[in-house]
Structures are given as structure tokens and as C-alpha cells.
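Residue numbers (UniProt numbering): 1 to 460. We put the CB at the ideal spot given by N, CA and C, even for glycine. A quick note: this is a predicted structure, and the numbers were derived from the prediction, not measured.
Dropping the structure here:
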């Protein structure tokens, strides 16, 4: 049970494109119990969770965050390779969204309250950043926390001159030392606020850098959606599930504020969630039913979030309707047969654009790669020299004399006079001639052999 009588904090786990789940969670908390976010002493976050923590700390409207996230997912799905296409620059989109939505004094609003999880490149240790001197510095920290190696690029971004990567690589669910921290995750597991476990009989769980993830089919789908966003309708359903899970969490902890009573869902459902902008839609009431999104998938969400989701799904359906889906494959086959070199040309053009954007900082990044390679080479060379200069350890066997030295027989030759009488004598032969020793047969046993056995050697 969460105790609001003392300080508490919130922690958002990294989840990539599943961050739309946090839009539903926070919209419910702001609507039903705004004190939980407004009076929280600290708000922690890693990767996409850090972005949502910054949005909550700076007071950015959720509908703007939802609109930008749906736009990024739509642009990612428009490419054949998805987010891995050379023309898709996810970090640049995130940076543009932060610069357009965060207020100028965002660093003042979030300093001391927002804690961003980062992973330092030189040693891989986790770093929590909570003080920011400017808005640009805040954006740099958030970009570093979202940088997934190879997925977002090769050379990691910098924060205060130090290279950092995704905070989820070292601590995906940061929290303070106290136990009064509400952990929020988009994966079903042991977090305080997360999707319900589909199979309650399953006890298999994976703990990824402080985040508990149950092993089931639903979580496998969520992990896949983290890096490769699903369709717009699926994202809207994920957002709605976040709202429902947050509402269940508030009810279980008796956190429903009396100042924010339960709103009448039937009245809200009658309100239009999308504005009709064309005169033809007004004349045709059948088209006003918004067939591009099922109203039951978003029935409990606030109206501004509903409007954003409906608009995103409408744009997707208008650009890719049923007829276009039916004719997509023949058109692609025809275009590939007529212009077989067109896709490589587009990819080359996109790659050239990325290189042009990379050229201004190429000297700095190449120097960093060279320094990292040099440090690793020097460290390996130092380790090799230390191993080669170390004297070999001579272990003394228990069957040998305690004062016997086998390290250098030329400096300390052993003679029978130097050895104790109670121990066997050992003599080193320092001459060049090989030592000759007369071989004598063992003494003949005195006992007579048993009847029926022949003479000779007997083993055993």
C-alpha cells in the first residue's frame, strides 16, 4: 500500500515505442489523482521512461507527446526496414519533439526532481543526472538516455563531454533508496503499475537490469513492439490499456481523489473525438462514425487523447485503405520489374543525407573512436607485460624435504652432506656426461608358488 503521508517517488522503465502505454497511465493519474504526480519528490526514468518523466516534470500536455509518438511510429512503419531504414533518424525526431514541446525554463522546472538514468561508455556504470544548467543540456541528457547502440547509431552522443548510451543498459528502473517508490513498467511483471499477467500459473520471469518481465506471449509481443512499432490501432489499444491499469492501481491503493470524481463515461462517449474538416463528411452522416478506429478501444481515455488517436488512425487509413492494401503487392512487383535499381538508389540517397549530417562532427567522433581503441590497446599491452614479468610460482610438494630448493641448482647444489639424515638424499649431476645406473633385477620371492601356477613375475 502506497503511503502518501511521507515522501514518495515515481520510476518509469524504458520501453521504446511502448511509451504510448505511459500516455494512458499518466492521463488516468492526472485525471483521477493528480497529486500522485504533482507532489512526487522525485521522478526517475530510463530511455523512453526518461522522456515521459521529463514531460511530467515540465508540465507538457500529454496530447502533444501522444501526437509526436504516433507520428514517429507512422513514419517508422512507412519504410520497408522500419526504424532500421537509413532515412529514419529516430534520435533527431526525438530531439525536435523535445525542443518544440519543452518550455524555455524546462531545466529550472525539472532540476532536482527529474532523475535521468544514463550508462557511461568508458566503464559501463550507471549515472543518475538530476541537475541541468540549460534546456539544451537537459535535451542532451535525454538523448543520451535513449541511444541504443547500433539501433540508433555507432558513435554515442555526449553529455558534458562524456559519451553515454541508453540508461536501460545499466539500470532500466531506477529508484531511490526508500521503498516508497511507485515502479511503472509497460511489461507484465512485478512492477507496481504494469499490465496484468496473462497466465497466473507461469512462474518464469526474466529480470532485465532491475525490471521484472514475465515470460509469456503477451510480453514477447510488447518487447517486439518496443523496437518495431505496431499499427496505429494497436498503439491506441495499448494506450487505453495503460489507462485501465492505472485506474485499477489507484482503486487498489484507495487513491481516487474526491476532488476528481468519476466522470460519466456515457456522456463522454457521445462527444465526437475527431473534428470533421470536410463538407462532404458533414453531408454524409454515415462517414461520421469513424470506422478507422473502434470506439470501444479508447472509450475511457480523455477527449484530447481520443482526438489525437483518431486523427492518427484516420491519416493511416486514408493513406493506406483497403483498396491500396489489395493492390500493394502487384504495384510493388511491377515497380521492381520496371525500375530494379530504384530501391538501392533511394537507400543510397538516404545514406548520403545521413553522411552529410554526420560530416560536421566527423573529426570529433573519429578522434573518440581512435582514443577508445588506443585505451583498449594500452590496457591489453599493460596486462600482457604484467603477466610476462611475474615470476612463476614454484609449488612445494609434501613428499619433498622442507629445505629443498629446486629453483637454481647451479647456485645451490645439493650434496648428501647438506641434506638431513632422516630424509632421502638427492644429488644433482652437473657434468656433461649422462648419468649411468646399473639396473638390477628385483629380489626373487622366498615364498614357493602355489600349486598349479607357473614361475615368473606375478602382478598384483
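| message | So, for residue 3: in the same chain, excluding its five sequence neighbours on each side, which residues have a beta-carbon less than 8 Å away from its beta-carbon? | response | 180
| field | N- and C-terminal bounds of the beta strand (DSSP E) containing residue 126 | value | 126-129
| query | Applying the criterion that 16 or more other CB atoms from any shown protein chain within 10 Å of the CB defines a buried residue, is residue 123 buried or exposed? | reply | exposed
| query | At what residues does the beta strand (DSSP E) containing residue 10 begin and finish? | reply | 9-12
| task | Would you mind working out which of 38, 14, 138 and 99 sits nearest residue 211, comparing C-alpha positions? | result | 14
| Does the Cβ-Cβ distance between residue 44 and residue 186 come in under 9 Å? | no
| request: Identify every residue that forms a DSSP beta bridge with residue 191. | output: DSSP lists no partner for residue 191.
| task | Would you give the residue range spanned by the beta strand (DSSP E) that residue 239 belongs to? | result | No beta strand (DSSP E) contains residue 239, which is instead part of the alpha helix (DSSP H) from 232-252.
| With a CB to CB cut of under 7 Å and the five nearest residues on each side skipped, what residues in its chain are close to residue 42? | 9, 113, 115 and 176
| request: From the DSSP output, in three-state form, read off residue 185 for me. | output: coil
| Between the segment 165-176 and the segment 133-152, do at least 3 Cβ pairs fall closer than 8 Å? | yes
| message | In this structure, how does DSSP classify residue 208 when only helix, strand and coil are distinguished? | response | strand
| said: Taking the straight line between their C-alpha atoms, what separation do you get for residue 256 and residue 193? | reply: 15 Å
| Which residues in the same chain have their Cβ closer than 8 Å to the Cβ of residue 234, if we skip the five residues on either side of it in sequence? | 225
| said: Runs of 3 residues minimum, wholly inside the segment 26-70: which ones carry the beta strand (DSSP E) assignment? | reply: 42-46
| said: Tell me whether the segment 292-303 and the segment 236-251 touch, counting them as touching only if at least three CB pairs, one residue from each stretch, are closer than 8 Å. | reply: yes
| request: Could you please give me the residues that DSSP links to residue 120 through a beta bridge? | output: 164
| task | Indicate the three-state DSSP secondary structure (helix, strand or coil) for residue 22 in the structure shown. | result | Residue 22 falls in the helix class under three-state DSSP.
| Going straight from the alpha carbon of residue 462 to that of residue 23, what length do you get? | Not covered by the structure: residue 462. The range shown for the chain is 1 to 460.
| query | For residue 115, which beta-bridge partners are listed by DSSP? | reply | 44
| field | According to DSSP, residues forming a beta bridge with residue 159 | value | Paired residues: 162.
| query | Rounded to a whole number of angstroms, what is the C-alpha to C-alpha distance between residue 46 and residue 172? | reply | Spanning the alpha carbons of residue 46 and residue 172 requires a straight line of approximately 6 Å.
| field | Beta carbon of residue 74 nearer than 9 Å to that of residue 250 | value | no
| field | Boundaries (first-last residue) of the alpha helix (DSSP H) holding residue 227 | value | First-last of the alpha helix (DSSP H) with residue 227: 217-227.
| query | Using a Cβ-Cβ distance under 9 Å, would residue 54 count as near chain B? | reply | This model lacks chain B altogether, as it is built from one protein chain only.
| request: For residue 134, collect the residues of the same chain with a Cβ closer than 6 Å to its Cβ; drop the 5 residues on either side in sequence, then sort them by chain order. | output: 107
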